[in-house]
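Residue numbers (my numbering): 1314 to 1451.
C-beta: ideal position from N, C-alpha, C; glycine also.
Shown next, in structure tokens, is the structure this report addresses.
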């Protein structure tokens, strides 16, 4: 392995470890129940280059906005049922592909499942319950 590649890998390791720890600390600080997911999302977002990381983060953020909208609509109309998740994903995934933000499918699905597990979607700024804090997590 070339020295340059090893250096890039070390930097990526530092970004992943430090970024995950910082994201988890912030998520805990603002009171999110699923704070560990913040670290997972950071690890998924770190790419080989800064440009690629920013492109990936943009796609994941856009997909998350779409996911929260879909989740709010589906859970309000159909309730919190496993079949609602299935129907939501059947429609959400093609929309993200069409919008060319399909890199965000996995991370947005995590957010959808957090909203499902919470069993309630509110739009207030309470850190424990709000969709806004889940969006901030991304």
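For residue i, the three-state DSSP class (helix, strand or coil)
i	result
residue 1347	coil
residue 1393	coil
residue 1434	coil
residue 1408	helix
residue 1413	coil
8 Å Cβ cutoff, residue i in contact with chain B
i	result
residue 1409	No chain B is part of this structure, which consists of one protein chain only.
First through last residue of the alpha helix (DSSP H) which encompasses residue i
i	result
residue 1423	1418-1431
Short Cβ contact (8 Å threshold) for residue i with residue j
i	j	result
residue 1373	residue 1417	yes
residue 1327	residue 1380	no
residue 1370	residue 1352	no
residue 1420	residue 1367	no
residue 1384	residue 1412	no
residue 1397	residue 1391	yes
residue 1336	residue 1355	yes
Burial state of residue i, where buried means 16 or more other Cβ atoms lie within 10 Å
i	result
residue 1342	exposed
residue 1409	buried
residue 1403	exposed
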